[in-house]
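Right, one structure below, let's go through it.
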Amino acid sequence: MATTTTTTGNTAPMQPHYPEQVTGMDILVRALRMVGIDTMYGLVGIPITELAYLAQERGIRFVGFRHEQQAGMAAATHGYLTHTPGVLLTVSSLGFMNGLTATANATVNCYPMIQISGSSVREPIDLEQGTYEGLDQLNIAKPLVKAAYRVNKPEDIPTAVVRAYRAAISGRPGGVYLDVTTPCLGAIMQAADADKLFYEPVDLCPSMPPAPEAVKRAADILAAAKKPAIIIGKGAAYARVEDKLKKLVETYDIPYFPMSMGKGVLPDDGPLSALSCRSTIMEDADVVILAGARLNWLLSRGHGKWSPDTKFIQFDIDPQEIDSNRAIAAPVVGDMASSLDAFLAEMSTRKMSADPTWLASLQAQTKTKNAKFSERLAANATASPMNHWTALDAIKPIMAANPDVILVNEGANTLDDTRDTLDMKLPRHRIDCATWAIMGMGMGSAVGAAVATGKSVVAIEGDSAFGFSGMDFSTICRFNLPVTVVIFNNGGIYNGIGVNASGGGDPAPTTLDIKARYDKLGEAFGAETYYVTTPDELSEALAASIASRKPTLIDVQLAADSGKESGHIGYLNPAPLETFKV
Ligand code: ADP
Ligand code: MG
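In this text, residue positions in the sequence shown follow the numbering used here: the first is -5, and each later residue adds one.
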């Protein structure tokens, strides 16, 4: 056997090399290129290091992370923003499991991504003989992903890649797991035989037009509505139907309410925006169109109560979503672009009979509520130390002047207050912790957004949220991405004033570091850094960092008592016994 070291410095003996031969790794890279994959996010180690080198050499950008979960969040965001699957590459066992968290999160959020993981030799795993990183990865992944496949033979790799791609992107998008065993990666084939495996797959993401009678039923209901409204979810953002939705709401004067990541599909400050009228819509609208939004926990219970008389028209690609929580009067199952085309055509033959005072009353309510909100911001504008509102009041005009910046946002109060304060003008410019409301997506999503679009990104992070992914700020720096990370430091989970009731010296469960200098962490990796204690310093720093397009970390010092437990969703906590004392 030859012992020449590889490009990676790998000292394992090289396979005897004949130009007419290829390995499973060669085939995998070629198969990925064949379906158009140009970027991969991951973290290398046995058995996938050589694969990553090969991918990079052959023109697939490899974005290496410090933690697989963040690489996965980047892949998921890439998928959401590009309408093609993002790819995550992980090593076996723990690396695989770290990445799987992001793949599961992608599945629940309908983001298309493929996690490709190396895995150990099968036989000793199946016999539980204790092999290196031996874990039955495929079976662990299965319940958490949309589809899971294992490929054992190099001959099957192109088919496996096409199947994984189709599963991730077609129908309701989601996370797909592709397990590639070490022997398969290293297996040798004659290049001429391998050549015959490749083919151009036809129509990887087929359109799925709805049934004409479903469209007619929906149009009948909308045309008869007195108080119609439309809820725009991230399914609509993903489907890139902003022009069609604009035509629908403007032609028929339909007020719209965006879900968090649906913000900006149509402008938050547009004349038909009913952004601050959520409960009125839930209580009073007689017909509600759900456009790529699920009637899950975010549209029920503590988030408001629907009138029992509301009729729903639901546009969704997944027939299983219909009737999930409420009876749906008119399901329109199909891809949103085809569905809206058909719906607009059908509507053009009808007349609306909406009550004109409905829209006017929502517009009046919007005005009053917006004025109240501005008053609250103004009242906090000079607070010292700053609270969340002070900081957001400083950030708001800078973001408004830079509408094409992608906003990444996570935290508790930092999430809720930022979402309420910052208007979005453009579609797919807000990425947050979404359906599961999880923490730990920030740095990964910021990298994915910057790499996928080339646009500037601002990540507004609670100090606790930042902690989950903080080390991957260094990835932003290594790849020199135009990302500014703004950390709202109130010294804790929710806030920094928790008390240890035992009287002992340990910090309370919610307490972090009010005096931490996160800017120093940025310095370690060569970022531009700022530590700000006043709104003026904050707006100056943010404006300068966006203009510079350089990796930047802004540590925003807040008061420790700014923020309440669980932000807007405190009602989800189990009540402590005290609550029931009479
Ligand atoms: P939000 O949290 O913004 O309400 P959800 O993630 O709950 O959004 O819902 C998104 C919905 O959009 C899902 O039910 C999903 O099936 C649907 N969806 C995703 N892509 C498409 C598409 N291309 N066409 C139609 N519906 C889609
Ligand atoms: Mg905090």
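Where a beta carbon is used, it is the ideal one built from N, C-alpha and C, also for glycine.
Buried or exposed by the 16-neighbour rule on C-beta atoms within 10 Å, applied to residue i
i       : result
Ala96   : buried
Thr469  : buried
Val85   : buried
Ser318  : exposed
Tyr159  : buried
Thr351  : exposed
Ala219  : buried
Asp263  : exposed
Gly499  : exposed
Lys299  : exposed
Ala453  : buried
Thr(-3) : Here the model assigns Thr(-3) a pLDDT of 49, short of 50, so the residue's position is not dependable and the matter cannot be decided.
Thr546  : buried
Thr343  : exposed
Met(-5) : For Met(-5), the pLDDT reaches just 45, beneath the cut-off of 50, and the residue's location in the model is therefore unreliable, although a value from the coordinates is still provided. Flag for Met(-5) reads exposed.
Ser368  : exposed
Asn489  : buried
Gly442  : buried
Gly258  : buried
Best match in the options for proximity to residue i [C-alpha to C-alpha]
i      : options                           : result
Thr504 : Glu522, Asp555, Gly93 and Ser332  : Asp555
Asn31  : Trp291, Ala162 and Glu559         : Contrary to the premise, residue 31 reads as Ile rather than Asn in this sequence. The shortest Cα separation from Ile31 among Trp291, Ala162 and Glu559 belongs to Ala162.
Tyr246 : Leu269, Ala217 and Gly264         : Ala217
Thr5   : Met28, Thr43 and Leu22            : Thr43
Ala428 : Arg166, Gly229 and Leu26          : Gly229
Ala444 : Met19, Leu132, Thr33 and Gly405   : Thr33
Ile54  : Leu83, Gly66 and Met67            : Leu83
Met380 : Glu207, Leu88, Leu532 and Val57   : Leu532
Asp411 : Lys390, Thr304 and Asn133         : Lys390
Lys221 : Leu356, Gly442, Pro265 and Arg288 : Leu356
Thr78  : Ser270, Pro313, Gly3 and Tyr105   : Tyr105
Asp589 : Tyr74, Glu244, Ala354 and Gly448  : A query on residue 589 cannot be resolved here, the shown segment of the chain reaching from -5 to 576 and no further.
Val196 : His61, Ala521, Thr153 and Ile487  : Thr153
Gly73  : Gln109, Phe59 and Arg52           : Gln109
Leu242 : Gly497, Ala279 and Ala331         : Ala331
Met276 : Arg543, Ala233, Arg24 and Tyr250  : Tyr250
Ala502 : Lys509, Ala510, Arg511 and Gly486 : Gly486
Arg24  : Val156, Gly328, Ser267 and Thr274 : Val156
Ser270 : Gly557, Thr415, Thr360 and Trp383 : Thr360
Asn165 : Val327, Val57 and Arg543          : The amino acid occupying residue 165 in the given sequence is Gly; Asn does not appear at that position. Cα-wise, what sits closest to Gly165 is Val327.
Integer Cβ distance of residue i from residue j, believed to fall under 8 Å
i      : j      : result
Ile283 : Ile307 : 5 Å
Thr176 : Ser114 : 6 Å
Ile540 : Asn403 : Not quite, the Cβ-Cβ distance comes to about 16 Å (not below 8 Å), so this is no contact.
Gln407 : Asp387 : What sits at residue 407 in the sequence shown is Asn, not Gln. Wrong, their Cβ atoms sit about 15 Å apart, outside the cutoff.
Val550 : Asn483 : 6 Å
Gly169 : Thr101 : 4 Å
Ala70  : Gly93  : In fact, because the Cβ distance is near 11 Å, the residues do not count as touching under 8 Å.
Leu260 : Ile226 : 7 Å
Endpoints, the alpha helix (DSSP H) within which residue i is located
i      : result
Glu51  : Thr43 to Glu51
Pro177 : Thr176 to Gly180
Met647 : Nothing can be reported for residue 647: it is not among the residues displayed for the chain, which extend from -5 to 576.
Gln357 : Pro350 to Asn374
Asp549 : It is not in any alpha helix (DSSP H) - Asp549 instead sits in the beta strand (DSSP E) that spans Thr546 to Gln551.
Met19  : Gly18 to Met28
Asn133 : Gln131 to Ala135
Pro118 : Arg116 to Asp120
Lys238 : Glu236 to Tyr246
Asn407 : Asn407 to Thr415
Ile110 : It is not in any alpha helix (DSSP H) - Ile110 instead sits in the beta strand (DSSP E) that spans Met107 to Ser113.
Glu404 : Here Glu404 belongs to no alpha helix (DSSP H); instead the beta strand (DSSP E) covers Ile400 to Glu404.
Gly298 : Where Gly298 is concerned, there is no enclosing alpha helix (DSSP H), given that its DSSP letter is neither H nor E.
Glu149 : Looking at the DSSP string, Glu149 is not in any alpha helix (DSSP H), and its letter there is neither H nor E.
Val493 : Where Val493 is concerned, there is no enclosing alpha helix (DSSP H), given that its DSSP letter is neither H nor E.
Residue-chain proximity (residue i, chain C), Cβ-Cβ < 8 Å
i      : result
Pro568 : Any reference to chain C falls outside this structure, which holds one protein chain only.
Distance cut-off 7 Å: residue i Cβ against heavy atoms of ligand 3
i      : result
Ile311 : Ligand 3 is not part of the structure shown, which contains ligand 1 and ligand 2 as its ligands.
Extent of the continuous beta strand (DSSP E) to which residue i belongs
i      : result
Pro325 : Ala324 to Val327
Glu194 : Neither: Glu194 is in no beta strand (DSSP E) and is coded neither H nor E.
Ile225 : Pro222 to Ile226
Pro252 : Tyr250 to Pro252
Glu455 : Val451 to Gly456
Cβ contact check for the stretch 187 to 205 and the stretch 124 to 133: 3 or more pairs under 8 Å
The answer is no - the stretch 124 to 133 does not touch the stretch 187 to 205, with fewer than three Cβ pairs under 8 Å.
For the stretch 236 to 246 against the stretch 324 to 335, do three or more pairs of beta-carbon atoms, one drawn from each stretch, fall closer than 8 Å, so that the two count as touching?
Touching, yes, given that three or more Cβ pairs across the two stretches are closer than 8 Å.
For the 8 Å Cβ check, are there 3 or more pairs between the stretch 508 to 516 and the stretch 421 to 441?
With a cut-off of 8 Å, the stretch 421 to 441 and the stretch 508 to 516 do not count as touching, because too few Cβ pairs lie within range.
Any contact between the stretch 473 to 480 and the stretch 413 to 423? By contact I mean 3 or more CB pairs, one from each, below 8 Å.
Flag = no, the stretch 473 to 480 and the stretch 413 to 423 do not touch.
Any 3 or more C-beta pairs closer than 8 Å across the stretch 14 to 24 and the stretch 132 to 143:
No, the stretch 14 to 24 is not in contact with the stretch 132 to 143.
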